[in-house]
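Notes follow once the structure below has been shown.
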Amino acid sequence: MIEDKQIHILLIEDEPEVRMSYEDMFSFLGHSVSSAENGQLGLQKIQQKQYDIVITDLNMPVMDGLETLRRIKKYDKNIEVIVITGFATIENAIKAMKQGAFDYITKPVSIDHVKIILNKCVQKIRDKRENEQLKDLNRELKTLNELKDKFISITNHEIRTPLSVIKGYLELLDMELDARDGEEIEEYINIINNTLDETLETIESMSELSNFGQNSFKDNTTLLNVNEFLNEIFQENRLLFSKREIELNLEMDHEPLYVSVSPKRMRQAIRELLQNALKFTPEGGKVTVSCKNIDLKDKIFISIEDTGIGIPSDKLELIFEPFYEVQNIMNHSSSKTAFMGGGMGVGLSLAKEIIESSGGEIHVESEEKKGSVFTIVLTKVSESELAEKSVNHKSESRT
Ligand code: ADP
Numbered sequence: 000m001i002e003d004k005q006i007h008i009l010l011i012e013d014e015p016e017v018r019m020s021y022e023d024m025f026s027f028l029g030h031s032v033s034s035a036e037n038g039q040l041g042l043q044k045i046q047q048k049q050y051d052i053v054i055t056d057l058n059m060p061v062m063d064g065l066e067t068l069r070r071i072k073k074y075d076k077n078i079e080v081i082v083i084t085g086f087a088t089i090e091n092a093i094k095a096m097k098q099g100a101f102d103y104i105t106k107p108v109s110i111d112h113v114k115i116i117l118n119k120c121v122q123k124i125r126d127k128r129e130n131e132q133l134k135d136l137n138r139e140l141k142t143l144n145e146l147k148d149k150f151i152s153i154t155n156h157e158i159r160t161p162l163s164v165i166k167g168y169l170e171l172l173d174m175e176l177d178a179r180d181g182e183e184i185e186e187y188i189n190i191i192n193n194t195l196d197e198t199l200e201t202i203e204s205m206s207e208l209s210n211f212g213q214n215s216f217k218d219n220t221t222l223l224n225v226n227e228f229l230n231e232i233f234q235e236n237r238l239l240f241s242k243r244e245i246e247l248n249l250e251m252d253h254e255p256l257y258v259s260v261s262p263k264r265m266r267q268a269i270r271e272l273l274q275n276a277l278k279f280t281p282e283g284g285k286v287t288v289s290c291k292n293i294d295l296k297d298k299i300f301i302s303i304e305d306t307g308i309g310i311p312s313d314k315l316e317l318i319f320e321p322f323y324e325v326q327n328i329m330n331h332s333s334s335k336t337a338f339m340g341g342g343m344g345v346g347l348s349l350a351k352e353i354i355e356s357s358g359g360e361i362h363v364e365s366e367e368k369k370g371s372v373f374t375i376v377l378t379k380v381s382e383s384e385l386a387e388k389s390v391n392h393k394s395e396s397r398t
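Be aware that the sequence shown starts at 0, since it is given in numbering that gives the first Met the number 0, and climbs by one per residue.
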């Protein structure tokens, strides 16, 4: 529904009694009214608060009404200005209209006349607001529609490809079984199994998306030794990287560092970053995982740095949006580990959600054709907390 916000009026009039009587009149008509005793003070108020309508006398000391009008329009052309003038200075009212005033009210001011002019002005403002809100809604709808098209096209591509692989190998299996030659069957079953695992993973990431914003990534938070954790991940991935002829390094301080996170989720986040580093780094490249506790302060920086294709600077914000991919998805290789391998554009949004719901941050720096660095910032568990937790842990395990 389109919002109908209150209209704020600023009244500029130098004579206190007249000002008070106008204020009463405009408030009586149901509007929020503030006042100022001259143009200069009026302009100061406009800079401090958003007004929709300014009603100003033309004949005033310090700054006359025409100059006030000119400055208001220069500051914000959307503020509607209504001028109040005596019959003797009607030509000034006409000048004001030429300078962009909405209308003029003649003295002595009658409440019926004011009502008609104010209603017209309020209607104009409401129409304009409604128009802006409709434009915003339209833009949102367009983005949602584009996202929907992209989602359909990505799922179509990412799920259709592995399913076709499975179908192809099942046909081969069928032929092999007919020929009763068991030699190739084991290899085909392996391929079918791997492809099914990858497809299930894809479907899993899609369903994870629906958990966003529900704190469901905070499950099973425990004390985690970052050094051991990264070492495990490093050992698990070494072979995968060496198969692609990419050097994988791990750099860490010797002193063990602890964080309080869900190990399962953090592993998932780092896995997404490592998988991207692998996918977007050509053969012969290098990926370095590092963990630093700069100046021994309370932050731990886990970086995954690659020498890959990099990301254009205008796309750096967008890559954390679900389903966003810099490259055209039709150019994907079907394997998730091959250079420029396929994905759904959800890995980074998933990683960001996990890291932020663990109280951390993720940042990226990148240069096209040089490489990218993704850095996770987590809060270190302090020595005192560590001692307390391990005491609790011991007493819990005794009971
Ligand atoms: P995807 O499933 O496509 O990998 P992500 O959300 O993980 O989805 O990443 C979104 C996009 O960000 C990728 O498609 C890619 O264009 C870009 N990207 C992510 N990581 C890297 C990287 N290390 N090097 C270059 N581009 C990257």
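The beta carbon of each residue, even a glycine, is placed where N, CA and C say it ideally should be. Quantities reported herein were computed from a predicted structural model and do not represent experimental measurements.
- In the three-state reduction of the DSSP assignment, Glu-316 falls in the coil class.
- Under the DSSP assignment, Thr-154 falls in the alpha helix (DSSP H) whose first and last residues are 110-178.
- Asn-137 and Glu-231 have their alpha carbons spaced roughly 49 Å apart.
- Ranking Glu-352, Val-380, Glu-320, Asp-56 by CA distance to the CA of Leu-143 puts Glu-320 first.
- Relative to the Cα of Leu-247, the nearest Cα in the group Glu-207, Val-288, Ser-334 belongs to Val-288.
- With fewer than 16 other CB atoms across the displayed protein chains lying within 10 angstroms of its CB, Gly-283 is exposed.
- Inclusion of Ser-34 and Gln-5 in the CB contact set at 8 Å is not warranted, their separation being larger than that value.
- No heavy atom of ligand 1 is found nearer than 7 Å to the CB of Lys-369.
- Apart from sequence neighbours up to five positions away, the residues of its chain that approach Met-59 with a beta-carbon distance below 8 Å are Ile-11, Glu-12, Asp-13, Asn-37, Gly-38, Thr-67, ordered along the chain.
- DSSP lists no beta-bridge partner residue for Phe-27.
- Contact between the region 361-379 and the region 335-345 is absent: fewer than three C-beta pairs spanning the two stretches fall below 8 Å.
- Here Lys-263 is exposed. Its C-beta has fewer than 16 other C-beta atoms within 10 Å.
- Following the DSSP letters along the chain, one finds Lys-298 inside the beta strand (DSSP E) bounded by residues 298-305.
- A residue is called buried when at least 16 other Cβ atoms come within 10 angstroms of its Cβ; Leu-347 meets this threshold and is buried.
- DSSP places Val-376 in the uninterrupted beta strand (DSSP E) bounded by 370-378.
- About 5 Å separates the CB atoms of Tyr-168 and Ile-190; that is less than 8 Å, so the two are in contact.
- In this structure, Ile-303 and Phe-233 do not form a Cβ contact; the two beta carbons are roughly 11 Å apart against a cut-off of 8 Å.
- Checking the 7 Å criterion, the Cβ of Ala-276 is within range of a heavy atom belonging to ligand 1.
- The beta-carbon separation of Ser-261 and Thr-220, rounded to 5 Å, stays under the 8 Å limit for a contact.
- Taken through DSSP and simplified to helix, strand or coil, Glu-12 comes out as coil.
- Under DSSP, Tyr-103 forms a beta bridge with Val-82.
- When the Cα atoms are used, Val-380 and Gly-29 turn out to be separated by approximately 57 Å.
- Short of 6 Å from the beta carbon of Val-121, and not among the five residues preceding or following it, lie these beta carbons of its own chain, in chain order: Ile-6.
- The DSSP-derived three-state label of Tyr-257 is strand.
- Taking C-beta atoms as the reference points, Ala-268 and Ala-386 fail to come closer than 8 Å.
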